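S.K.: Numbering (full-length UniProt numbering), first residue to last: 1 to 320.
Heads up, the beta-carbon is just placed ideally off N, CA and C, and yes, glycines get one too.
None of these values were measured; they are calculated from a predicted model.
The structure follows.
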Ligand code: FES
């Protein structure tokens, strides 16, 4: 009895019980990659099963072997090894053109989850150095780079100590995530401990190095939030870095940015704060109006007021 397979974004094709998904798609004129000729050896035919996974035959021994090595998620199947036993199957070909082939095949050393992306709940940590421009203007380029490296090493040590992963650096700041290999509660605690360690280490660095040698001190702004984000890899060839995307990332960046206006070096969302087993003392809470969020966002201030803060805190802490 013929069934149908819906190839997402392409067409619905008829398939009978003796045909593999690959045979059915080729018969229907879909240019389905099958580099090994359907022997279950190359993985170029693989599809993401969007619906009807239960209607597919169990993975063959070839498929199990290859999935073991490549660590494909359960909803990725080899079209040349999969038969359909009922209606309602919808799949998406993962390799549709030469560019896809380049991305998926030439990056076969990477984790498939990383290449395909996955949704994860992570703790998001943003930090930025304050008052760096005046330092740049009054010091030699060598000193600027040297001090920048010292401070970034200080950030990196703390982040690594607490199991964070640096995702990106930009200008005089960076952003890291926690929870790739731990629960969200542990991840949030780790992000907060990182921030507190950096504040303590920076105080020592200012007192023992910056003040005596440069007559200058640095301060930082830290923002922490938690949320569901997409973890994946958009690097092609040049950079294969992990990328983390999603609205919670924008919120965490916004929390970091508002440390200046709130005149507090460490701002954490109340959602993240409530996940902490031993939350640090919060001097106060505040409400922010964030773009794209209908209700004001509750945040906790767990850092210190800035010593060099030239700007007075806003009279109304609701920011637009
Ligand atoms: S065509 Fe090679 S594994 Fe399916």
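Mapping DSSP to helix, strand and coil, what is residue 273?
M.R.: It is helical.
S.K.: Would residue 283 be called buried (16 or more neighbouring beta carbons within 10 Å of its own) or exposed?
M.R.: When all chains shown are included, residue 283 counts as exposed.
S.K.: Do residue 38 and ligand 1 come close, with the Cβ less than 7 Å from some heavy atom?
M.R.: Yes, Cβ of residue 38 sits closer than 7 Å to a heavy atom of ligand 1.
S.K.: Name the two residues that bound the continuous alpha helix (DSSP H) containing residue 146.
M.R.: Its alpha helix (DSSP H) spans residues 141-161.
S.K.: From the DSSP output, in three-state form, read off residue 211 for me.
M.R.: Here residue 211 sits in helix by DSSP.
S.K.: Would DSSP call residue 95 helix, strand or coil?
M.R.: Residue 95: coil per DSSP, three-state reduction.
S.K.: Find out if the Cβ-Cβ distance for the pair residue 218, residue 294 is shorter than 8 Å.
M.R.: Not closer than 8 Å, so no.
S.K.: Indicate the three-state DSSP secondary structure (helix, strand or coil) for residue 35 in the structure shown.
M.R.: If DSSP states are grouped into helix, strand and coil, residue 35 belongs with coil.
S.K.: Measuring alpha carbon to alpha carbon, tell me which of 160, 62, 85, 273 ends up nearest residue 55.
M.R.: Residue 55 has its Cα closest to that of 85, out of 160, 62, 85, 273.
S.K.: Take residue 260 as the anchor and find which of 231, 232, 274, 308 has the nearest alpha-carbon.
M.R.: The option with the nearest alpha carbon to residue 260 is 308.
S.K.: State yes or no: is the C-beta of residue 191 within less than 8 Å of the C-beta of residue 178?
M.R.: Yes.
S.K.: In its own chain, which residues sit with a C-beta less than 8 Å from the C-beta of residue 30, not counting the 5 before and 5 after it?
M.R.: The answer, listed in chain order, is 7, 10, 11, 13, 93.
S.K.: Going by other Cβ atoms of all chains shown within 10 Å of its Cβ, with 16 needed for buried, is residue 151 buried or exposed?
M.R.: Buried: at least 16 other Cβ atoms inside 10 Å.
S.K.: Taking the alpha carbon of residue 27 as the reference point, which residue from 5, 41, 48, 135 has its own alpha carbon closest?
M.R.: Checking every option, the nearest Cα to that of residue 27 belongs to 5.
S.K.: Using 8 Å as the Cβ pair cut-off and three pairs as the minimum, do the stretch 40-51 and the stretch 59-77 touch?
M.R.: Touching, yes, given that three or more Cβ pairs across the two stretches are closer than 8 Å.
S.K.: Output the distance between the C-alpha atoms of residue 213 and residue 133, rounded to the nearest integer angstrom.
M.R.: Cα to Cα, residue 213 sits roughly 18 Å from residue 133.
S.K.: For residue 41, verify whether its CB is less than 7 Å away from any heavy atom of ligand 1.
M.R.: Checking the Cβ of residue 41 against ligand 1 gives yes.
S.K.: Could you give the residue range of the alpha helix (DSSP H) that holds residue 248?
M.R.: Residue 248 -> alpha helix (DSSP H) spans 247-257.
S.K.: Relative to the C-alpha of residue 266, which residue among 194, 184, 142, 91 is closest?
M.R.: Residue 194 is the option with its Cα nearest to residue 266.
S.K.: With C-beta atoms as the reference, is residue 251 less than 8 Å away from residue 119?
M.R.: No, these two residues do not count as a Cβ contact at 8 Å.
S.K.: Looking at the secondary structure, which residues open and close the beta strand (DSSP E) in which residue 14 lies?
M.R.: 12-15 is the span of the beta strand (DSSP E), which, as asked, contains residue 14.
S.K.: Would you mind working out which of 269, 305, 243 sits nearest residue 328, comparing C-alpha positions?
M.R.: The requested residue 328 is not part of the displayed model; the chain covers only 1 to 320.
S.K.: State the Cα-Cα distance for the pair residue 18 and residue 89, rounded to the nearest angstrom.
M.R.: Computed Cα separation, rounded: 16 Å.
S.K.: Can you list, in chain order, the residues of its chain with a C-beta nearer than 7 Å to that of residue 129? Leave out the 5 residues immediately preceding and following it.
M.R.: Here the set comprises 151, 172, 173, 218, 220.
S.K.: Skipping 5 residues on each side, what residues in its chain have a beta carbon closer than 7 Å to that of residue 2?
M.R.: So the qualifying residues of the chain are 14, 15, 16.
S.K.: Would you identify the three-state DSSP class for residue 242, choosing helix, strand or coil?
M.R.: DSSP places residue 242 in coil when its eight states are reduced to three.
S.K.: Between which two residues does the beta strand (DSSP E) holding residue 121 run?
M.R.: First-last of the beta strand (DSSP E) with residue 121: 118-130.
S.K.: First and last residue of the alpha helix (DSSP H) that includes residue 25?
M.R.: Note, residue 25: alpha helix (DSSP H), 21-27.
S.K.: Under the assumption that residue 224 contacts residue 125 (Cβ atoms under 8 Å), give the Cβ distance between them as a whole number of angstroms.
M.R.: The Cβ separation is near 5 Å, so the contact holds.
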